[in-house]
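Step one of this worksheet: look at the structure below.
See below:
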């Protein structure tokens, strides 16, 4: 079993914000790969499932706020006894230009509070993460920038260019 976690904040007011690019990517995977619909769980998360080549894949959107994402992830990992090498977390990265994608096998949280909490709750940074650049606009405070909505052009680029490229990186993770 493998788990793909898209990070974001619950609630309509955060739906299309930069900080929710992990949720948006999870929604893209759901539609492209025909996962079951997201459903509530006992893990403070929405979960969708799919079997790929005989292996169960969980697609997860924690329903805690970003800073508490580790609660849901650790509960799911412990309940299903999923080894760390089978965890992929998809998050925004403010220090990467908009649209840049980086798949890393392990590493620090890089200031991303959802990753920070997952690392704290799991007690390790030895898990894969797919970072999607949201860029930074120095005219805005960091909190204001990450909670700002994507422009129409940016949303189009996400759907037609960035998410399809990120999907290939997710496939690479699943095939290892």
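Residue numbers (the working numbering): 3 to 178. We put the CB at the ideal spot given by N, CA and C, even for glycine.
Buried or exposed (CB count within 10 angstroms, at least 16 for buried), residue 4:
By one-based count along the chain shown, residue 4 stands at place 2. Classification of residue 4: buried, given that the 10 Å Cβ count is 16 or more.
Would you call residue 37 buried or exposed, if buried means 16 or more other Cβ atoms sit within 10 Å of its Cβ?
Residue mapping note: residue 37 aligns to position 35 of the chain shown, counting from 1. Burial call: buried.
Length-filtered (4 minimum) alpha helix (DSSP H) runs lying within the stretch 114–163:
115–124, 144–148 and 154–159
Compute the distance between the beta-carbons of residue 99 and residue 134, then report whether it is under 8 Å.
Along the chain shown, one-based indexing puts residue 99 at 97. Along the chain shown, one-based indexing puts residue 134 at 132. Taking 8 Å as the Cβ cut-off, residue 99 and residue 134 do not qualify as a contacting pair.
Compute the beta-carbon to beta-carbon distance between residue 111 and residue 68, rounded to the nearest angstrom, for a pair I have assumed lies under 8 Å.
The residue you call residue 111 lines up with position 109 of the chain shown. The residue you call residue 68 lines up with position 66 of the chain shown. That pair is no contact at about 12 Å.
Classify residue 170 as buried or exposed, calling it buried when 16 or more other Cβ atoms lie within 10 Å of its own Cβ.
In the chain shown, the residue the question calls residue 170 occupies position 168. It counts as exposed.
Taking 8 Å as the threshold (C-beta atoms), are residue 71 and residue 103 in contact?
Here residue 103 refers to the residue found at position 101 when the chain shown is read from its first residue. Here residue 71 refers to the residue found at position 69 when the chain shown is read from its first residue. Their beta carbons are not under 8 Å apart, which means residue 103 does not touch residue 71 by this criterion.
Taking residue 90 and residue 132 to be in contact with their CB atoms under 8 Å, please state how far apart those CB atoms are, rounded to whole angstroms.
Working through the chain shown from its first residue, we reach residue 90 at position 88. Working through the chain shown from its first residue, we reach residue 132 at position 130. Rounded, the Cβ-Cβ distance is 6 Å, consistent with contact.
Euclidean distance between Cα positions of residue 47 and residue 29:
What you label residue 47 is simply residue 45 of the chain shown in a count that begins at 1. What you label residue 29 is simply residue 27 of the chain shown in a count that begins at 1. Residue 47 and residue 29 have their C-alpha atoms spaced approximately 14 Å apart.
Using CA atoms only, rank isn't needed, just tell me which of 13, 27 and 6 is closest to residue 163.
Counting from 1 along the chain shown, the entry for residue 163 is found at position 161. Per the Cα distances, 27.
Kindly indicate which three-state DSSP category residue 112 falls into: helix, strand or coil?
Counting from one through the chain shown, the residue named residue 112 turns up at place 110. Three-state DSSP puts residue 112 in coil, outside helix and strand.
4-residue-minimum alpha helix (DSSP H) runs that sit fully inside the stretch 5–74, ordered along the chain
23–34
From residue 137 to residue 154, what does the alpha carbon distance come to, in whole angstroms?
Mapped onto the chain shown, residue 137 falls at position 135. Mapped onto the chain shown, residue 154 falls at position 152. Rounded to the nearest angstrom, the two C-alpha atoms are 16 Å apart.
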